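A.B. asks: Here it is, the structure in full.
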Amino acid sequence: MDRNEQLAVYWTRAQPTVAAFITSMVVDFNDAEDVLQQTAVALVRKFEDYDPQRPFVAWAIGMARNEVLKHRRSRAMQRELLSDDLLGQLAATHEEMADELDAMRRVLGKCLEAVDGQPRQALDLRYEEDLKPAAIADRLGLAAGTVRVMLHRVRAALRECIERRLTHESDSDQTQR
Amino acid sequence: MNPSESNPSDPQAMIDRYLDGEISVEDAACFERLLADDPEYRRQFVRQSFMHRQVRDLTAAAALDAIDHATAPVDPVGSITPAPTPTLSERGQWRTAAGFAIAGVAVAIWIVIAGQFKTAPPDPGQRQPLKPMAGLLMAAHGVQWTSMPTDLPPSGGTGLPIGEPLAFSSGVIEIEFYSGVRATIEGPASFRLDSPMKMVMGAGRLSAAVPEGAQGFTVVTDRMNVVDLGTEFGVLTGWGGDDEVHVFKGAVKMTAGTTTHELNTGGGSTVTRDGIVRSIAADSIAFLRPEPFDPPEYLRWIEYRNRLRVDPALVLYYTFQGQEPGDTVADDQSGRGHYATMTEVAIEDGRIPGKPAVRFTGEESRVRFRIPGEFESLTAIMWVNIDKLPHRFNSLLHTDGWEQSEPHWIVGDQGDLYFNIRDVLFQTTETKVPDVDPASTIGAWRMMVGVFDRDTGRVAFYIDGQQVFDVPTESDLPLVFDWTEIGNWRSVKHGGQRRWLNGRIDEFALLERAMSDEEIKALYQMGKTETQP
Numbered sequence: 002m003d004r005n006e007q008l009a010v011y012w013t014r015a016q017p018t019v020a021a022f023i024t025s026m027v028v029d030f031n032d033a034e035d036v037l038q039q040t041a042v043a044l045v046r047k048f049e050d051y052d053p054q055r056p057f058v059a060w061a062i063g064m065a066r067n068e069v070l071k072h073r074r075s076r077a078m079q080r081e082l083l084s085d086d087l088l089g090q091l092a093a094t095h096e097e098m099a100d101e102l103d104a105m106r107r108v109l110g111k112c113l114e115a116v117d118g119q120p121r122q123a124l125d126l127r128y129e130e131d132l133k134p135a136a137i138a139d140r141l142g143l144a145a146g147t148v149r150v151m152l153h154r155v156r157a158a159l160r161e162c163i164e165r166r167l168t169h170e171s172d173s174d175q176t177q178r
Numbered sequence: 002m003n004p005s006e007s008n009p010s011d012p013q014a015m016i017d018r019y020l021d022g023e024i025s026v027e028d029a030a031c032f033e034r035l036l037a038d039d040p041e042y043r044r045q046f047v048r049q050s051f052m053h054r055q056v057r058d059l060t061a062a063a064a065l066d067a068i069d070h071a072t073a074p075v076d077p078v079g080s081i082t083p084a085p086t087p088t089l090s091e092r093g094q095w096r097t098a099a100g101f102a103i104a105g106v107a108v109a110i111w112i113v114i115a116g117q118f119k120t121a122p123p124d125p126g127q128r129q130p131l132k133p134m135a136g137l138l139m140a141a142h143g144v145q146w147t148s149m150p151t152d153l154p155p156s157g158g159t160g161l162p163i164g165e166p167l168a169f170s171s172g173v174i175e176i177e178f179y180s181g182v183r184a185t186i187e188g189p190a191s192f193r194l195d196s197p198m199k200m201v202m203g204a205g206r207l208s209a210a211v212p213e214g215a216q217g218f219t220v221v222t223d224r225m226n227v228v229d230l231g232t233e234f235g236v237l238t239g240w241g242g243d244d245e246v247h248v249f250k251g252a253v254k255m256t257a258g259t260t261t262h263e264l265n266t267g268g269g270s271t272v273t274r275d276g277i278v279r280s281i282a283a284d285s286i287a288f289l290r291p292e293p294f295d296p297p298e299y300l301r302w303i304e305y306r307n308r309l310r311v312d313p314a315l316v317l318y319y320t321f322q323g324q325e326p327g328d329t330v331a332d333d334q335s336g337r338g339h340y341a342t343m344t345e346v347a348i349e350d351g352r353i354p355g356k357p358a359v360r361f362t363g364e365e366s367r368v369r370f371r372i373p374g375e376f377e378s379l380t381a382i383m384w385v386n387i388d389k390l391p392h393r394f395n396s397l398l399h400t401d402g403w404e405q406s407e408p409h410w411i412v413g414d415q416g417d418l419y420f421n422i423r424d425v426l427f428q429t430t431e432t433k434v435p436d437v438d439p440a441s442t443i444g445a446w447r448m449m450v451g452v453f454d455r456d457t458g459r460v461a462f463y464i465d466g467q468q469v470f471d472v473p474t475e476s477d478l479p480l481v482f483d484w485t486e487i488g489n490w491r492s493v494k495h496g497g498q499r500r501w502l503n504g505r506i507d508e509f510a511l512l513e514r515a516m517s518d519e520e521i522k523a524l525y526q527m528g529k530t531e532t533q534p
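Spelled out as structure tokens, the structure:
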């Protein structure tokens with residue numbers, strides 16, 4: 002396959018981790034999308050310089066880190082919650098966890114399907130419509146605090162479900178040997 | 002693990018608060034210290050923020066799936082039918098990974114795979130400072146740039162900035178200045194555009210056609226100063242020999258040293274390094290002459306375009322001049338750099354011979370851009386030729402979302418027209434006219450204008466310079482756009498359905514002021530085609 006196809010394959014695998022890294026520092030989803038787009042362009046432009054001996058995710062996260070810094074420079078008036086220094090540590094942690102994150106992604110879909118009722122509504126409002134807990138509370142006729150607890154519990158439940166499924170997977174892998 | 006409300010500083014809760022944008026500044030400092038000092042806490046944060054991002058992408062993908070399956074039309078006003086419960090299939094997950102933000106990966110990779118690296122996808126961020134342009138690069142044939150106007154090789158329709166050095170070592174380019182002058186330049190060439198009426202050449206073989214109204218167009222080399230008196234001439238410089246000027250049609254005034262010569266059709270001059278001037282016969286074979294003159298309609302359109310271009314309230318202006326099939330970027334002639342990405346569109350004849358338009362061919366056709374900031378008043382101008390109205394609501398312009406203060410500009414299939422703005426209570430400020438003959442909206446080129454006037458608190462809609470409605474609006478907040486499309490609607494919320502425009506868009510401009518009835522009428526007269534009333 003040629004270089005372009007190779008890039009497309011690498012990127013399809015790496016993108017969720019890179020997107021997560023960017024989101025962890027650029028919390029706003031729309032801004033994070035923009036930075037992801039800039040990163041994608043940078044990767045395409047510099048792909049000739051990529052050394053296939055190095056892991057792609059690491060290289061891509063390196064590019065993303067630059068784009069996050071650029072994004073921060075462009076918002077000089079805004080105070081950032083987390084400092085630039087943390088960027089390096091978070092980048093390294095994301096790289097280390099790339100495989101684990103990939104595994105999580107595989108099972109998250111099923112776990113999400115199991116959520117319904119009001120917690121599901123709260124999730125949809127939070128993630129599809131990007132509403133803050135106070136706005137979600139208005140919509141659902143609840144107190145803001147209740148919504149926060151609900152989101153917190155749903156997220157915990159998702160994590161547990163993911164862990165259960167991954168453990169089950171690795172168990173069944175072992176029994177099949 | 003007990004939840005947060007009783008102790009907002011609980012480390013687990015802090016992660017949630019950070020991700021929901023609700024962490025206090027104090028807690029943020031503590032949060033950062035924990036992240037820096039505790040690797041396990043950091044890993045936990047990574048897991049949670051990964052999940053946070055993935056849930057977002059999955060719910061977005063599911064909503065797109067829901068759009069595919071939705072059949073019932075949704076009234077753009079008020080009650081929105083809830084989207085069907087999403088099922089998160091493998092397909093949904095694939096869409097998330099590879100289909101994420103179409104404007105992101107797909108465009109970047111597609112550009113490379115298409116084998117051509119055209120201008121960069123739009124920088125979605127800041128309101129750019131105005132960059133004055135002298136004209137447009139209409140075509141580049143076999144060009145090796147050595148000094149470029151942007152950091153990627155420019156393509157058809159790219160604006161050429163004033164005052165910047167431009168150079169290429171081989172190939173030919175075609176330029177159309179905003180004054181209307183058309184030029185071809187053969188490399189090796191180096192030059193600078195000082196204005197739409199003046200260029201300074203260090204090297205190259207230039208051939209220029211100067212329309213009525215652009216007389217006085219000037220070319221300056223080291224040895225001579227050439228002022229065109231109409232209409233076609235050529236200049237050669239910097240190729241190791243004498244400087245030359247050839248007059249193919251009309252006359253030029255050439256000054257070398259202290260003497261000025263008027264040269265006429267068929268004549269020309271050479272100037273040596275020592276400033277010695279000799280007469281020659283014009284050699285029209287050696288020069289690549291630009292296309293002979295455009296119909297008067299095109300020249301009239303140039304005046305219309307220039308009228309809009311110099312309006313200080315112009316925020317965004319797509320003319321699609323110089324676009325070629327396969328282009329993925331539309332240049333913004335406002336000078337503010339609000340490029341659009343284009344996907345799945347066709348480039349076809351527009352309303353003016355010689356200037357293309359964009360045709361929307363299907364659901365995936367997109368001309369997509371981002372406008373940051375807020376707007377008090379607004380005028381949106383679109384020249385459009387709609388073939389038919391197959392959808393209940395057909396998009397002229399839609400913001401991605403349907404949030405507070407966002408506009409949606411729509412042609413309904415029953416002769417109903419909308420310039421909707423969402424107001425504070427998430428109700429549409431719906432502005433529509435029940436009784437416009439549907440035929441008046443389709444089948445020919447029409448100039449459609451939507452105006453939101455903060456001062457009078459009114460929204461108005463015009464077709465071909467005539468006001469169709471003018472109604473009060475309750476929206477009292479500034480308008481916002483963010484990610485926006487013309488001719489389609491990429492909605493991942495509100496069960497959005499198909500609204501792509503069946504037809505062509507020839508031009509689109511946005512101004513951050515409300516134009517008056519008279520101005521719109523006058524603008525229509527300037528810009529209309531021979532076949533329009």
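As given, the protein sequences belong to chains A and B, one line each in that order. 2 is the number of the first residue of the first sequence in our numbering; add one for each residue after it. 2 is the number of the first residue of the second sequence in our numbering; add one for each residue after it. Where a beta carbon is used, it is the ideal one built from N, C-alpha and C, also for glycine. This structure is a prediction, so every number in the text was calculated from the model and none was measured.
Here's a check: name, in chain order, each residue in its chain whose Cβ is nearer than 8 Å to the Cβ of A:Ala59, leaving out the five neighbours to either side.
C.D. replies: Glu96.
A.B. asks: Please report the Cβ distance between B:Val368 and B:Ala341, rounded to the nearest whole angstrom; I am assuming they are in contact, meaning their Cβ atoms lie under 8 Å.
C.D. replies: 5 Å
A.B. asks: Indicate whether B:Val182 and B:His142 have their beta-carbon atoms separated by less than 8 Å.
C.D. replies: no
A.B. asks: Are the C-beta of B:Ala61 and some C-beta of chain A separated by less than 8 Å?
C.D. replies: yes
A.B. asks: What residue from A:Glu164, A:Arg14, A:Gln16 and A:Thr94 has the CA that sits closest to A:Leu109's CA?
C.D. replies: A:Glu164
A.B. asks: Take the Cβ of B:His247 as the centre, count every other Cβ of all protein chains shown within 10 Å, and call the residue buried at 16 or more, exposed below.
C.D. replies: buried
A.B. asks: Does any residue of chain B have a CB that is nearer than 8 Å to the CB of A:Asp125?
C.D. replies: yes
A.B. asks: By the DSSP assignment, the beta strand (DSSP E) with A:Lys71 in it spans what residues?
C.D. replies: It is not in any beta strand (DSSP E) - A:Lys71 instead sits in the alpha helix (DSSP H) that spans Phe57 to Ser75.
A.B. asks: Quick check on B:Thr430: does DSSP put it in helix, strand or coil?
C.D. replies: In this prediction, B:Thr430 has a pLDDT of 48, which is less than 50 and means its spatial position is unreliable; what the coordinates show is noted afterwards. If DSSP states are grouped into helix, strand and coil, B:Thr430 belongs with the strands.
A.B. asks: Between B:Thr380, B:Thr344 and B:Gly355, which lies nearest to B:Phe370 when the distance is taken from Cα to Cα?
C.D. replies: B:Thr344
A.B. asks: Would B:Val137 pass as a contact of B:Gly323 if the rule is Cβ separation under 8 Å?
C.D. replies: The residue you asked about is not Val; residue 137 of chain B is Leu in the sequence shown. Their beta carbons are under 8 Å apart, which means B:Leu137 touches B:Gly323 by this criterion.
A.B. asks: With a 10 Å radius around its C-beta and 16 neighbouring C-beta atoms as the bar for buried, classify B:Val311 as buried or exposed.
C.D. replies: exposed
A.B. asks: In the structure shown, what three-state DSSP assignment does B:Ser378 receive?
C.D. replies: coil
A.B. asks: Taking DSSP as the reference, what is the three-state secondary structure of B:Ile422?
C.D. replies: Three-state result, B:Ile422: strand.
A.B. asks: Determine the direct distance from the alpha carbon of A:Asn5 to that of A:Ala157, and round the result to whole angstroms.
C.D. replies: Taking the straight line from one Cα to the other gives about 40 Å.
A.B. asks: Ignore the nearest five residues each way along the sequence and tell me which others in B:Pro326's own chain have a CB closer than 8 Å to its CB.
C.D. replies: Ala347 and Ile348
A.B. asks: Answer yes or no: does any C-beta atom of chain A fall closer than 8 Å to that of B:Ser50?
C.D. replies: Chain A places a beta carbon closer than 8 Å to that of B:Ser50, counting this residue as a contact.
A.B. asks: Please report the distance separating the alpha-carbon of B:Val228 from that of B:Gly374.
C.D. replies: Whole-angstrom Cα-Cα distance: 44 Å.
A.B. asks: Can you name the residues of chain A whose CB is closer than 7 Å to the CB of B:Leu35?
C.D. replies: Ordered by position in chain A, no residue passes the 7 Å Cβ test against B:Leu35, which lies about 11 Å from the chain.
A.B. asks: Could you tell me whether the Cβ of A:Met64 comes closer than 8 Å to any Cβ of chain B?
C.D. replies: Chain B contact via Cβ: absent.
A.B. asks: For A:Lys133, which residues in chain B fall below 8 Å Cβ to Cβ?
C.D. replies: Asp21, Gly22 and Glu23
A.B. asks: How long is the line joining the alpha carbons of B:Gln45 and B:Asp17, rounded to whole angstroms?
C.D. replies: 11 Å
A.B. asks: Output, in chain order, the set of chain D residues within a Cβ distance shorter than 7 Å of B:Ala14.
C.D. replies: Absent here is chain D; the protein component of the structure consists of chains A and B.
A.B. asks: Beta carbon of B:Trp240, beta carbon of B:Ala204: below 8 Å?
C.D. replies: yes
A.B. asks: Whole angstroms are fine: how far does the CA of B:His262 sit from the CA of B:Thr273?
C.D. replies: 15 Å
A.B. asks: Can you pull the chain A residues whose beta carbon is under 8 Å from the beta carbon of B:Val56, in chain order?
C.D. replies: Leu109, Leu113, Leu124, Tyr128 and Leu159
A.B. asks: If distances are taken between C-alpha atoms only, which option among A:Met26, A:Asp50, A:Pro56 and A:Thr13 comes closest to B:Gln49?
C.D. replies: A:Met26
A.B. asks: Under 8 Å between the Cβ atoms of B:Met527 and B:Thr380?
C.D. replies: no
A.B. asks: Check B:Gly188 in the structure and name its three-state DSSP category.
C.D. replies: strand
A.B. asks: B:Leu207 and B:Ala184 - do their beta-carbons sit closer together than 8 Å?
C.D. replies: Contact flag set, yes.
A.B. asks: Between which two residues does the alpha helix (DSSP H) containing B:Met225 stretch?
C.D. replies: Premise fails: B:Met225 is in no alpha helix (DSSP H) and is neither H nor E.
A.B. asks: Using alpha carbons as the reference points, say which of B:Gly235, B:Asp38 and B:Pro534 lies closest to B:Ala283.
C.D. replies: B:Gly235
A.B. asks: Are B:Asp471 and B:Met448 closer than 8 Å when you measure CB to CB?
C.D. replies: For B:Asp471 and B:Met448, no; Cβs fall outside 8 Å.
A.B. asks: What are the residues in the stretch 23-35 of chain A lying within 8 Å of chain B by C-beta distance?
C.D. replies: Thr24, Ser25, Val28, Asp29, Phe30, Asn31, Ala33, Glu34 and Asp35
A.B. asks: Drop a sphere of 10 angstroms on the beta-carbon of B:Thr429, count the other beta-carbons inside from all chains shown, and report buried for 16 or more, exposed for fewer.
C.D. replies: For B:Thr429, the pLDDT reaches just 48, beneath the cut-off of 50, and the residue's location in the model is therefore unreliable, although a value from the coordinates is still provided. By the neighbour-count rule (16 or more Cβ atoms within 10 Å), B:Thr429 is buried.
A.B. asks: Check whether the stretch 42-54 of chain A touches the stretch 83-95 of chain A, taking contact to mean three or more Cβ pairs, one atom from each stretch, closer than 8 Å.
C.D. replies: no
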